[in-house]
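One structure is given below, encoded as structure tokens.
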Amino acid sequence: MELEEYQLRQAIIDQCLWMNAKGLNQGNSGNISARYKNQLIITPTAMAYEAMRPEMLATISLDDQAEWQGSHQPSSEWRFHYDLMRARPEIGAIVHTHSTYATSLAITRRSIPAVHYMIALFGGNDVRCADYATYGTQALSNHVLVAMQDRKACLLANHGMLVAGETLAKAMWLASELETLAEQYYHALQLGGAVILSDEQMAEVQAKLANYGLNQALTNPESASTKSATTLK
Ligand code: 13P
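Counting the sequence shown from 1 gives a position; the numbering used here is that position plus 2.
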């Protein structure tokens, strides 16, 4: 195995451990995948993250065959990881969790409307809730593809949430932002209901946030800014 692939596998495990430590997921729930060349690398099904080692992750070819290889069976949710990566070439990583607040909203079958301007990070003015289907089925993956149209995240009815990013780091950052948004919406509902930002207000935010994201230096050290003397006005 190439060093680059080994490091990506380790990075997936590190993110799994991080999301559980941060309360973004619990136990063996959730799964993570990352694109590597013409395949995806994905966590094995039903395995404690603490026990996972890089060589235990499975690969699935991103061609029509969907051939998997590995010492352990891929996540039962491989279908939506595979279908999303095939449909959306810009996606480099997918994080699926059963985080408490996003899942609570998904249990009520609510989408998240524009309750906070940060919703713009997810590609539009809402984060939709995908229709219910049994976990691990093609039907669930089909619902996910619909809910993810022009979006980087969706809730899964009575199940959880998923987030797609260009990189593993961006996907996990978005997962954390989505759970925060879900928590804020949950509390607003307790307080009597949320005021929803208008399409006009959100259009302004979308324009402003177009270039907002993880510090570029995180994903590309070469691009660390050299514009230290640029005026802010
Ligand atoms: P896996 O252990 O098969 O990845 O399943 C966990 C899960 O979250 C199913 O939705």
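Backbone N, C-alpha and C fix where the C-beta goes; we use that ideal spot for every residue, glycine too.
A direct Cα-to-Cα measurement between Ala159 and Glu4 gives close to 39 Å.
Taking a cut-off of 8 Å on C-beta distances, the region 9-25 touches the region 42-60, as three or more cross pairs fall below it. Gln17 is not a Cβ neighbour of Met163, given a cutoff of 9 Å. Taking the Cα positions, Lys172 is about 30 Å away from Gln192.
Rounded to the nearest angstrom, the gap between the Cα atoms of Pro91 and Gly195 is 38 Å. Only buried fits Gln41, as 16 or more other CB atoms lie within 10 angstroms of its CB.
Annotated as proximal: Leu199 and His118, with beta-carbon spacing under 9 Å. Leu64 sits close to Arg88, with the two beta carbons spaced by under 9 Å. In its chain, beyond the 5 residues on either side, Glu181, Ala184, Glu185, Tyr188 have a beta carbon closer than 7 Å to the beta carbon of Tyr103. Spanning the alpha carbons of Leu86 and Asn213 requires a straight line of approximately 23 Å.
The Cβ atoms of Ile44 and Ser35 sit closer than 9 Å to each other. When the beta-carbon positions are compared, Ala155 and Val207 stay at least 9 Å from each other.
Around Gln140, the same chain offers Arg81 as residues with beta carbons nearer than 7 Å, after the five sequence neighbours per side are excluded. Nearest in C-alpha terms to Tyr38, of all of Gly125, Gly94, Trp20, Thr47, is Gly94. DSSP places Asn40 in no beta strand (DSSP E); its state is neither H nor E.
Linking Gln71 to Ile62 through their CA atoms gives a straight-line distance of about 7 Å. DSSP places Met58 outside any beta strand (DSSP E), giving it a letter other than H or E. When DSSP states are grouped into helix, strand and coil, Ala132 belongs to the strand group.
Exclusion of the five residues before and after His145 leaves Ala132, Asp133, Ala135 as the residues of its chain whose Cβ lies within less than 6 Å of its Cβ.
DSSP, reduced to helix, strand and coil, places Ile93 outside both helices and strands of the structure shown, so it counts as coil.
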